[in-house]
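Enquirer: Below is the structure I would like to discuss, written out as structure tokens.
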Amino acid sequence: MASPFHFNYAIICRIPQSFAARSIRPKDCGEVDIEKAREEYETIREVLKNCDVNLIELQEDENYPDCCFVEDCAVVIGGTALITRPGDSTRQGEVGEIRRVLKQDMRLIVKEVGDAKATLDGGDVLFTGKEIFVGVGKRTNSQGAKAVADAFSDHVVSLLDIKGSELEHLKDGFSMAGREIMAVAPGTDCTLILKVWVDQ
475 MASPFHFNYA IICRIPQSFA ARSIRPKDCG EVDIEKAREE YETIREVLKN CDVNLIELQE
535 DENYPDCCFV EDCAVVIGGT ALITRPGDST RQGEVGEIRR VLKQDMRLIV KEVGDAKATL
595 DGGDVLFTGK EIFVGVGKRT NSQGAKAVAD AFSDHVVSLL DIKGSELEHL KDGFSMAGRE
655 IMAVAPGTDC TLILKVWVDQ
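When the sequence shown is numbered by my numbering, its final residue is 674 and no position is left out of the sequence of numbers.
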């Protein structure tokens, strides 16, 4: 069985000019330096080119300032992809191109969120290699979490309440750094969420 952390593909998207003024972000985070963001994008691109993956690079779309955050549009585990329904309605049009790539270029099994009341951002879904955690908060609701459980029924899916925290997405504070190694951001919110997580 292949390792859950061995990847064959990476999808990235160039940063649109509209990202500087119209991207969705907390009000207190300051202005975006678009040139710096693009430099960082090029660094990531070069790193991925040197990895043993097929790199798929999408063109930016000025109509979708946040299109560079491709992970929010799909949850991919193994050969299955769940197309999300982003919690901010202005981003829901981003999923079309991602759906096309996953279905036509990568030939994955593509599933859709069936509940019209569901909201789901990929940034709220963390796969540990064994189980799936879904952060229910600003962008993802319980119906969205259920869609994840339905799509990946072979895995245990647990919900984490992040509504009262500063996190926009679960993976703003938590990420897998390797097999059975989790990176946790500093701060009271993440510490409290982690305590609840461990106690579950």
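The C-beta atom is built at its ideal place from N, Cα and C for all residues, glycine as well.
Taking all protein chains shown into account, do 16 or more other C-beta atoms lie within 10 angstroms of the C-beta of T662, making it buried, or fewer, making it exposed?
Expert: exposed
Enquirer: Within the chosen definition, does the segment 547-564 reach the segment 508-527 through at least 3 CB pairs nearer than 8 angstroms?
Expert: no
Enquirer: Grouping DSSP H, G and I as helix and E and B as strand, with all else coil, what is S632?
Expert: strand
Enquirer: How long is the line joining the alpha carbons of V587 and F607, rounded to whole angstroms?
Expert: 17 angstroms
Enquirer: What is the DSSP secondary structure of A625, counted as helix, strand or coil?
Expert: helix
Enquirer: Within the same chain, show all residues whose beta-carbon is closer than 6 angstroms to that of G609, passing over the 5 residues directly before and after it, in chain order.
Expert: Cβ neighbours of G609 beyond the five flanking positions: D598, L634, I636, L644.
Enquirer: DSSP state of K585, grouped into three classes?
Expert: strand
Enquirer: What is the DSSP secondary structure of D483, counted as helix, strand or coil?
Expert: For the sequence presented, residue 483 should be read as Tyr rather than Asp. It is a strand residue.
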